[in-house]
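Q:
Numbering (my numbering), first residue to last: 686 to 915.
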């Protein structure tokens, strides 16, 4: 009987040892897995921190690029504004330079004709055809376009007059050239500008305002008021 109790205790003790060993094995395995997971988590955390650093760097770089883009855009707008101002000034200066220009078309062209020859032909038309008794001062006169070219008609002459008053008188007398091949017109740029102003001229008159063209400017004069150009 005593022998059986001894055997039973030894069996229980053996089972306890086996259970402890099993528990130890499980714990070691669990610890190993936890260590690996902890390592993975730490590596992931490090990676995330590195990625966040890159993201922050990219954000900072993007912010600088945005600021630079805004600066460039502002500079671009300033350049555009200045360009518009310069363009307007150039157009104004060009218009002023053409203010006293007249175009003579249909004037016979001589071989080897010089600017002086063209100027004399203009003066002859003014005196003989338009019967202008006073001297009209012509600053310069020259043909427009390349000579020759197989054309059947003479190149037009652009003449710049010294005085605006002479220009206006010549245009008024140009109707005397009816029946000849000679035509006298304003510079095309002036004609185009005046044509563009015609709708506004008519609208102003429909509103009961006094409106008229002076050179390439539209003058609108409200009743009992001084004129103002548009």
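Just so you know, even glycine gets a beta-carbon here, dropped at the ideal spot from N, CA and C.
#1: Would you say residue 785 and residue 868 are within 8 Å of each other, going by their C-beta atoms?
#2: Would the beta-carbon of residue 810 fall within 8 Å of that of residue 792?
#3: State the DSSP-derived secondary structure class of residue 870, mapped to helix, strand or coil.
#4: So what does DSSP say about residue 747, is it helix, strand or coil?
#5: Starting from residue 820 and walking both ways along the beta strand (DSSP E), at which residues does that stretch end?
#6: Classify residue 740 as buried or exposed, calling it buried when 16 or more other Cβ atoms lie within 10 Å of its own Cβ.
#7: Would DSSP call residue 793 helix, strand or coil?
#8: Do you know whose CA, among 817, 841 and 903, lies nearest residue 850's CA?
#9: If you draw a straight line from the C-alpha of residue 719 to the C-alpha of residue 699, how long is it?
#10: In whole angstroms, what separates the C-alpha of residue 859 from that of residue 883?
#11: Taking the beta strand (DSSP E) that residue 903 falls in, what are its first and last residues?
#12: Would you say residue 891 and residue 906 are within 8 Å of each other, going by their C-beta atoms?
#13: In the DSSP output, what is residue 895 paired with across the bridge?
#14: By the three-class DSSP mapping on this structure, what secondary structure does residue 847 have?
#15: With a threshold of 16 other CB atoms inside 10 Å of the CB of residue 839, please say whether the residue is buried or exposed.
#16: Under three-state DSSP, which class holds residue 787?
#17: Helix, strand or coil for residue 840 per DSSP?
#18: Within this structure, are the beta carbons of residue 861 and residue 815 separated by less than 8 Å?
#19: Can you check DSSP and say which residues form a bridge with residue 828?
#20: So the alpha helix (DSSP H) residue 809 belongs to, where does it begin and stop?
#21: Quick one, which of 723, 800 and 763 has its alpha-carbon nearest residue 824's?
A: If we stick to the structure as given:
#1: no
#2: yes
#3: strand
#4: helix
#5: Counting along the chain, residue 820 falls outside any beta strand (DSSP E), and DSSP gives it neither H nor E.
#6: exposed
#7: coil
#8: 817
#9: 30 Å
#10: 22 Å
#11: 902-906
#12: no
#13: 906
#14: coil
#15: buried
#16: strand
#17: coil
#18: yes
#19: 842
#20: 800-809
#21: 800
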